[in-house]
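Number of protein chains: 2
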Amino acid sequence: MDKRPIGMFDSGVGGLTVLKEFRKKLPNEKIIYLGDTKRFPYGSKSKEAILEISKKCVDFLISKNVKMIIIACGTATSQALDSLINSYDIPILGIINPTVEYISNLNLEKPRVGVIATSGTIKSGAWEKKILEKIPEAKVINEKAPLLATMAETGWTSNKVAEYTIKEYMKCFKDIDILILGCTHYPMFENLIHKNLEKNVKVLNTGTILAQYTKKIIETKKMENIETSGQFEIYLTDIEADTDFLNIAEQFLGEKNINIKEANF
Amino acid sequence: MDKRPIGMFDSGVGGLTVLKEFRKKLPNEKIIYLGDTKRFPYGSKSKEAILEISKKCVDFLISKNVKMIIIACGTATSQALDSLINSYDIPILGIINPTVEYISNLNLEKPRVGVIATSGTIKSGAWEKKILEKIPEAKVINEKAPLLATMAETGWTSNKVAEYTIKEYMKCFKDIDILILGCTHYPMFENLIHKNLEKNVKVLNTGTILAQYTKKIIETKKMENIETSGQFEIYLTDIEADTDFLNIAEQFLGEKNINIKEANF
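Chains A and B, in that order, are what the protein sequence lines are. Counting from 104, one number per residue, gives the positions in the first sequence under my numbering. Counting from 104, one number per residue, gives the positions in the second sequence under my numbering.
Structure below.
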């Protein structure tokens with residue numbers, strides 16, 4: 104047993120979609136969530152910038168005595184995960200490998216896999232590379248969605264703007280089997296995304312897969328916490344940032360009076 | 104007479120709205136335009152980051168032997184102009200002071216002035232401060248528009264997404280006399296903006312005002328170039344960036360085969 108919390112970070116509200124899944128699948132784990140609202144958005148930053156920022160987030164979470172780190176952010180996973188794993192001893196998990204493993208286990212024949220993500224993630228080619236390593240006969244269709252993360256931070260996830268934006272971005276996914284939501288902000292648009300795809304397309308919320316994957320690891324390594332229950336703490340690097348974080352968090356996690364603390368770095 | 108070119112910079116396509124006005128009002132001046140697409144968007148960056156970036160842009164333009172610098176960017180004007188003026192000898196102009204002077208010269212009684220701009224610009228309070236210094240009885244209504252610059256870079260300036268986004272952002276401007284487009288990307292949405300405001304609202308394109316202001320300064324200081332005609336050169340810090348720059352530039356400036364060079368910094 105390891106009673107220490109799990110650390111989790113994202114650029115803003117996106118990782119809440121991961122936090123939500125962790126609370127369902129790992130109800131006894133305590134989670135320390137860090138939203139780096141001071142540096143949002145990550146999606147348009149350089150690889151070097153993302154790595155530098157991600158190290159700061161990891162260091163902050165380590166200072167809170169966490170037992171592992173979850174990168175609840177598609178951009179940071181795609182651009183920094185490999186380097187971070189080389190730089191730290193603490194276990195660090197991102198959203199890509201568990202998702203690719205999940206798809207591989209579906210044993211689809213020549214799967215056509217759509218990936219929608221931030222510009223930075225798509226440019227990194229990380230999803231396509233990992234998918235083709237594991238499933239060489241897959242066909243990958245990439246789409247950059249530079250507006251969605253900002254729209255989610257603003258709380259615009261079901262208005263007319265969101266509706267037409269999703270409609271536009273889904274146009275290139277006419278003929279796919281699977282759609283990976285390659286940015287953790289995007290499950291907030293899940294209803295609209297489903298509405299604009301063929302019914303048989305499987306839409307992957309990477310948070311659900313990552314939570315399941317983490318559960319297995321924690322159980323195998325006997326790192327479970329069996330004492331607490333669904334506790335979480337939230338830190339933001341900029342409480343005054345241009346995001347509707349508190350409202351979105353309360354609505355999304357179904358809790359009132361969430362206490363948000365400031366992380367100063 | 105001073106035959107050297109005028110230098111101009113923005114984070115991306117926004118400054119083209121200023122370039123267009125300069126070509127109309129100062130047809131003999133040669134202009135060197137720098138779009139810092141590598142670091143776009145500026146709107147969500149810190150003041151320190153904007154200042155550091157702006158210095159790099161100014162240094163690049165000075166290396167091209169320009170006679171003056173035009174900050175064709177609302178965010179960089181609001182956060183960096185004052186410091187830049189203190190750090191350099193070359194004349195540097197931004198979009199705020201000329202616009203505030205223009206409004207002041209309208210001699211309106213208790214003008215109600217709307218400002219729409221990036222998050223960084225609105226948070227800096229620069230527009231409100233300068234307006235109230237000059238017109239203390241003015242009422243200023245501020246609105247952050249975190250999506251618009253990215254939408255303009257994508258070329259989404261007249262589709263359904265743009266339509267509903269503008270409609271949403273215009274809601275707070277029900278009772279104003281003047282609307283300042285505080286980010287140089289926004290004149291690309293001018294038709295939609297007009298459509299969502301009362302007919303009597305004066306919408307200010309800061310590029311038009313800045314071009315007129317610059318013309319006066321150049322004439323007063325006898326810095327005109329009377330030899331060339333409407334030439335311009337365009338540099339981008341990232342030619343592969345996530346922007347539809349070339350198409351937008353060709354469409355917006357009404358020219359074909361625009362040659363874009365890379366600025367390496």
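Just so it is clear, CB atoms sit at the ideal spot from N, CA and C, and this is done for glycine as well.
Asked	Found
On the criterion of 16 or more Cβ atoms from any shown chain inside 10 Å, does E256 of chain B qualify as buried, or is it exposed?	buried
If you measure from the beta carbon of L250 of chain A to each beta carbon in chain B, is any gap under 9 Å?	yes
Quick check on P130 of chain A: buried or exposed, where buried means 16 or more other Cβ atoms within 10 Å of its Cβ?	exposed
Going by DSSP in three states, Y374 of chain B sits in which element: helix, strand or coil?	Residue 374 of chain B cannot be examined here, being either before or after the span of chain B that is shown, 104 to 368.
If distances are taken between C-alpha atoms only, which option among A:S332, A:V203, A:C275 and A:V264 comes closest to Y272 of chain B?	A:V264
Below 6 Å CB to CB, which residues in the same chain sit around E365 of chain A once its five sequence neighbours on both sides are set aside?	I342
Go to F355 of chain B, then tell me how far its alpha helix (DSSP H) extends in each direction, as first and last residue.	F348 to L356
What separation, rounded to the nearest whole angstrom, lies between the Cα atoms of I279 of chain A and I199 of chain B?	49 Å
Under 6 Å Cβ to Cβ from Q97 of chain A, same chain only, skipping five residues before and after it: list those, please.	Because chain A in this structure spans residues 104 to 368, residue 97 of chain A falls outside the shown range and cannot be described.
Between which two residues does the alpha helix (DSSP H) containing L250 of chain A stretch?	Run containing L250 of chain A: none; DSSP gives neither H nor E here.
Are the beta-carbon atoms of T375 of chain B and F112 of chain B separated by less than 9 Å?	No answer is possible for residue 375 of chain B: the residues shown for chain B start at 104 and end at 368.
Please give me, in chain order, every unbroken run of the beta strand (DSSP E) with length at least 3 that falls completely inside the region 223-275 of chain A.	242-247
Enumerate, from N- to C-terminal direction, the unbroken beta strand (DSSP E) stretches of 3 or more residues contained entirely within the region 115-184 of chain B.	134-138 and 171-174
Name the residues in the region 177-198 of chain B whose C-beta lies less than 8 Å from a C-beta of chain A; which are they?	none
Could you tell me whether any Cβ in chain A is nearer than 9 Å to the Cβ of V116 of chain B?	no
Against chain B, with Cβ distances strictly below 9 Å, would Y289 of chain A count as a contact?	no
Which whole-angstrom value describes the C-beta separation of A241 of chain B and V218 of chain B, a residue pair presumed to lie in contact below a C-beta threshold of 8 Å?	Contact doesn't hold; Cβ gap of about 11 Å is too wide.
Per DSSP, A220 of chain A is paired with what?	A:K247
Is L282 of chain B helix, strand or coil when you go by DSSP?	strand
Roughly how many angstroms lie between the CA atoms of K167 of chain A and K213 of chain B, to the nearest whole one?	53 Å
Could you tell me whether the region 154-165 of chain B touches the region 181-189 of chain B, using the rule of 3 or more Cβ pairs below 8 Å?	yes
Following the continuous alpha helix (DSSP H) through I320 of chain A, name the residue where it begins and the one where it ends.	T309 to T323
Looking at C-alpha atoms only, which residue of B:K148, B:N328 and B:V161 is the closest neighbour of F368 of chain B?	B:V161
Could you give the residue range of the alpha helix (DSSP H) that holds I361 of chain B?	Premise fails: I361 of chain B is in no alpha helix (DSSP H) and is neither H nor E.
Closer than 9 Å, CB to CB, is F292 of chain B near chain A or not?	no
What is the residue span of the alpha helix (DSSP H) that I296 of chain A lies within?	E293 to K298
Expressed to the nearest angstrom, what Euclidean distance is found between the alpha-carbon atoms of V121 of chain B and K141 of chain B?	20 Å
Name the chain A residues whose beta carbon is nearer than 7 Å to that of F143 of chain B?	S147
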